[in-house]
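Below is one structure; the comments refer to it alone.
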Amino acid sequence: MDLTEEQLMIRQMVRDFAVKKVEPIAAEIDETERFPLETWQEMSRLGLCGIPVSQEYGGAGADNLSYIIAVEELSRVCGSTGITLAAHYSLGTSPIWEFANESQKRKYLPDLASGRKLGAFGLTEPNAGSDAAAIETTAVRKGDRYILNGTKMFITNSNFAETFIVTAMTDKAKKHHGISAFIMERETKGFRVGRKLEKLGLRGSDTAELILEDAEVPVENRLGEEDEGFKYFMKTLDGGRISIGALALGIAQGALDKALAYSKERKQFGKPICEHQQIQFKLADMATEIEAARHLVYWAAKLKDRNEPYSVQSAMAKLFASEAAYRATKNAVQIFGGNGYSREYPVERYMRDAKLCEIGEGTSEIQRIVIGRHLTR
Numbered sequence: 006m007d008l009t010e011e012q013l014m015i016r017q018m019v020r021d022f023a024v025k026k027v028e029p030i031a032a033e034i035d036e037t038e039r040f041p042l043e044t045w046q047e048m049s050r051l052g053l054c055g056i057p058v059s060q061e062y063g064g065a066g067a068d069n070l071s072y073i074i075a076v077e078e079l080s081r082v083c084g085s086t087g088i089t090l091a092a093h094y095s096l097g098t099s100p101i102w103e104f105a106n107e108s109q110k111r112k113y114l115p116d117l118a119s120g121r122k123l124g125a126f127g128l129t130e131p132n133a134g135s136d137a138a139a140i141e142t143t144a145v146r147k148g149d150r151y152i153l154n155g156t157k158m159f160i161t162n163s164n165f166a167e168t169f170i171v172t173a174m175t176d177k178a179k180k181h182h183g184i185s186a187f188i189m190e191r192e193t194k195g196f197r198v199g200r201k202l203e204k205l206g207l208r209g210s211d212t213a214e215l216i217l218e219d220a221e222v223p224v225e226n227r228l229g230e231e232d233e234g235f236k237y238f239m240k241t242l243d244g245g246r247i248s249i250g251a252l253a254l255g256i257a258q259g260a261l262d263k264a265l266a267y268s269k270e271r272k273q274f275g276k277p278i279c280e281h282q283q284i285q286f287k288l289a290d291m292a293t294e295i296e297a298a299r300h301l302v303y304w305a306a307k308l309k310d311r312n313e314p315y316s317v318q319s320a321m322a323k324l325f326a327s328e329a330a331y332r333a334t335k336n337a338v339q340i341f342g343g344n345g346y347s348r349e350y351p352v353e354r355y356m357r358d359a360k361l362c363e364i365g366e367g368t369s370e371i372q373r374i375v376i377g378r379h380l381t382r
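Last residue of the sequence shown: number 382 in the working numbering, and the count goes up by one each step with no gaps.
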């Protein structure tokens, strides 16, 4: 797929940064489950934190495809870093950029788009995962503020974010038509971050609970109209699925890069294993699926940039890229053999990281429902 000169420049800049600054600490932050705040600060200085936001509000003024390319390139060496950016922008910043009023944009976007503050998104709950409309967090209006009560689960960037987009039920009788969205600040009275979650992969990404106990949110911090939150977060998830597709794409490409290089060095039966047909078949499958995934992910981003419908395309991109990434990383481990199972080599980390892509932003099963309903409506 053809890229503009600006997109190519962004890709090269992020690739250089990823190789020099992100990859050297990728294994360490995975092992220690440490959030690399220093990496985030450098990404902020490079202007990566609000790529699609206009310069007027502190962003880079580029397009969504450029942002997707940045997520891909970071994830190529470190999925934890890739998902940190994806959650910050697609979930924590884009709802304000796309749905907020002018006053809210002026107040929050400059810090978020510049990376001075990290963003997060609170939708998932202990009893509301794939069924996002089943949220139990409530928001009751009392005068000039809302009182929120509930618990959010699996929230990326929780311990380091300062601005949160949170959903809550404002009218239970309306079910999903009674959900509202709010912009919440870390210092909000009644709000706190709960336990940090230990995970299979993406261990350098911060994930925790959010606890709301009579949390007080001013009415002016409601995002859009009351009871319109379901519409906003469904559109947010459409965009977020493209970023998870990019995360998966980067992880898959990184696994292929490592497996190909290893197959040229490792010798068995008197020749490099890349000369054995079984290894060539695995590499060929990996490369073909990654190329197909890239086209799907980039195309969904282009449709978003054109302001054309992209909901189904984002579901297709996320579904295919995430499952291709898991297959690619499993093949990479197999190509490495016993070394692939060892934590001395990065491909086992790639495989652990790839699994989240089949779950986050809607499971593969949910993506098939979205696509299937579109085809049969």
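No residue lacks a Cβ here, since even glycine has one placed at the ideal position from N, Cα and C.
Cα-Cα, which of T334, M321, D290, K287 is closest to H300?
Locating residue 300 in the sequence shown gives position 295, where the first residue counts as 1. H300 has its Cα closest to that of M321, out of T334, M321, D290, K287.
How far does the beta strand (DSSP E) with E221 in it extend, from its first residue to its last?
Locating residue 221 in the sequence shown gives position 216, counting from the first residue. Residues 212-223.
Please classify N298: does DSSP put it in a helix, a strand, or coil?
As a first step, residue 298 must be located in the sequence shown, where it is residue number 293. At residue 298 the sequence reads Ala, which differs from the Asn that was named. Looking at A298 - three-state DSSP - the assignment turns out to be helix.
Which residues mark the beginning and the end of the beta strand (DSSP E) in which S163 is found?
As a position in the sequence shown, residue 163 is number 158, starting the count at 1. Taken as a continuous stretch (DSSP letters only), S163 belongs to no beta strand (DSSP E), as it is neither H nor E.
Give a yes or no on whether the C-beta atoms belonging to V317 and V375 are separated by under 8 Å.
One-based indexing of the sequence shown puts residue 317 at position 312. One-based indexing of the sequence shown puts residue 375 at position 370. Yes. Within cutoff.
Could you check the C-alpha separation between A359 and A92 for me, to the nearest Å?
By 1-based counting over the sequence shown, the position of residue 359 is 354. By 1-based counting over the sequence shown, the position of residue 92 is 87. Between A359 and A92, the C-alpha separation is close to 16 Å.
Are the stretch 128-138 and the stretch 264-282 touching, with three or more C-beta to C-beta distances below 8 Å?
no
Taking the alpha-carbon positions, what's the G183 to E218 distance?
Reading the sequence shown from its first residue, position 178 is the one you call residue 183. Reading the sequence shown from its first residue, position 213 is the one you call residue 218. Cα to Cα, G183 sits roughly 20 Å from E218.
Three-state secondary structure (DSSP) of Y315:
As a first step, residue 315 is located in the sequence shown; it is residue number 310 there, counting from the start. Y315: coil per DSSP, three-state reduction.
Considering only C-alpha positions, which residue in the set N344, K110, T9, L70 is nearest to V302?
The residue given as residue 302 occupies position 297 in the sequence shown. Nearest option by C-alpha distance: L70.
Local Cβ density within 10 Å of N162, reported as buried at 16 or more and exposed below that
Taking the sequence shown and counting its residues from 1, the one referred to as residue 162 is at position 157. Per the 10 Å Cβ criterion, buried.
When the distance is taken between beta carbons, is G64 closer than 8 Å to I56?
Locating residue 56 in the sequence shown gives position 51, counting from the first residue. Locating residue 64 in the sequence shown gives position 59, counting from the first residue. Yes; because the gap between Cβ atoms is below 8 Å, this pair is in contact.
Would you kindly check if the distance between the Cβ of E294 and the Cβ of A264 is under 8 Å?
Numbered from its first residue, the sequence shown carries residue 264 at position 259. Numbered from its first residue, the sequence shown carries residue 294 at position 289. Their beta carbons are not under 8 Å apart, which means A264 does not touch E294 by this criterion.
Measuring only the C-alpha atoms, how far is G206 from R191?
Position 201 of the sequence shown holds residue 206. Position 186 of the sequence shown holds residue 191. So the alpha carbons of these two residues sit roughly 26 Å apart.
What do you get for R121, buried or exposed, if any count of 16 or more other CB atoms within 10 angstroms of its CB means buried?
Residue mapping note: residue 121 aligns to position 116 of the sequence shown, counting from 1. Counting Cβ neighbours within 10 Å, R121 comes out exposed, since fewer than 16 surround it.
Ignoring anything shorter than 3 residues or poking outside the stretch 47-132, list the beta strand (DSSP E) runs there in chain order.
124-127
Anyone know if the C-beta pair for E328 and I249 falls short of 8 Å?
To locate residue 328, count along the sequence shown from 1; it is residue 323. To locate residue 249, count along the sequence shown from 1; it is residue 244. Taking 8 Å as the Cβ cut-off, E328 and I249 do not qualify as a contacting pair.
Whole alpha helix (DSSP H) runs in the stretch 147-203 with 4 or more residues, listed along the chain?
none
As a quick exercise: from K110, Q372, V352, Q285, pick the residue whose alpha carbon is nearest that of G256.
To locate residue 256, count along the sequence shown from 1; it is residue 251. According to the sequence shown, residue 256 is Ile rather than Gly. When each option's Cα is compared against that of I256, the closest is V352.
When you compare each of R311, L254, K269 to M291 by their alpha carbons, which one comes out closest?
Position 286 of the sequence shown holds residue 291. Of the listed residues, the one whose Cα sits closest to M291 is L254.
Exposed or buried, which one is G123 when buried takes at least 16 other CB atoms within 10 Å?
As a first step, residue 123 must be located in the sequence shown, where it is residue number 118. Note on identity: in this sequence residue 123 is Leu, with Gly being the wrong assignment. It counts as buried.
Roughly how many whole angstroms lie between the Cα atoms of L228 and I371?
For the purposes of this step, residue 228 is taken as the residue at position 223 of the sequence shown. For the purposes of this step, residue 371 is taken as the residue at position 366 of the sequence shown. One C-alpha to the other measures close to 26 Å.
Since S268 and I284 are thought to touch, with beta carbons under 8 Å apart, how far apart are those beta carbons, to the nearest angstrom?
The count along the sequence shown starts at 1 and reaches residue 268 at position 263. The count along the sequence shown starts at 1 and reaches residue 284 at position 279. Contact holds; Cβ gap of about 5 Å.
Among G195, D211, A32, nearest to V222 - alpha-carbon criterion:
Residue 222 sits at position 217 when you count from the first residue of the sequence shown. For V222, the nearest C-alpha among the options comes from G195.
Exposure of A289, with buried meaning 16 or more beta-carbon neighbours within 10 Å
For the purposes of this step, residue 289 is taken as the residue at position 284 of the sequence shown. Classification of A289: exposed, given that the 10 Å Cβ count is below 16.
Expressed to the nearest angstrom, what Euclidean distance is found between the alpha-carbon atoms of T193 and L153?
Against the sequence shown, residue 193 aligns to sequence position 188. Against the sequence shown, residue 153 aligns to sequence position 148. Cα-Cα distance, rounded: 11 Å.
Let me know if R208 comes out buried or exposed under the rule of 16 or more other beta-carbons within 10 Å of its beta-carbon.
The residue you call residue 208 lines up with position 203 of the sequence shown. With 16 or more Cβ atoms within 10 Å of its Cβ, R208 is classed as buried.
Assuming S80 and L252 make a contact with CB atoms under 8 Å, what is their CB distance in whole Å?
As a working mapping, residue 80 is identified with position 75 in the sequence shown. As a working mapping, residue 252 is identified with position 247 in the sequence shown. Contact holds; Cβ gap of about 5 Å.
Is the distance from the Cβ of R354 to the Cβ of D35 below 8 Å?
The sequence position of residue 354 within the sequence shown is 349, counting from 1. The sequence position of residue 35 within the sequence shown is 30, counting from 1. Taking 8 Å as the Cβ cut-off, R354 and D35 qualify as a contacting pair.
Have a look at F159 and Q273 and give me their C-alpha separation to the nearest angstrom.
Position 154 of the sequence shown holds residue 159. Position 268 of the sequence shown holds residue 273. Taking the straight line from one Cα to the other gives about 44 Å.
Between which two residues does the alpha helix (DSSP H) containing T381 stretch?
As a working note, residue 381 is residue 376 in the sequence shown. Element bounds for T381: 369-381.
What do you reckon, are the CB atoms on Y151 and F187 nearer than 8 Å?
Against the sequence shown, residue 151 aligns to sequence position 146. Against the sequence shown, residue 187 aligns to sequence position 182. Going by C-beta atoms, Y151 is nearer than 8 Å to F187.
Inspect the CB distances between the stretch 172-180 and the stretch 32-48 and report whether three or more fall short of 8 Å.
no
For T9, does the three-state DSSP call read helix, strand or coil?
Here residue 9 refers to the residue found at position 4 when the sequence shown is read from its first residue. Looking at T9 - three-state DSSP - the assignment turns out to be coil, as it is neither helix nor strand.
Would you mind listing the beta strand (DSSP E) stretches within the stretch 320-375 that are 3+ residues and don't spill past its ends, in chain order?
none
Any idea if P41 is buried or exposed, counting beta-carbon neighbours within 10 angstroms, 16 or more meaning buried?
Residue numbering aside, residue 41 sits at position 36 when the sequence shown is read from its first letter. Buried, by the Cβ-count rule.
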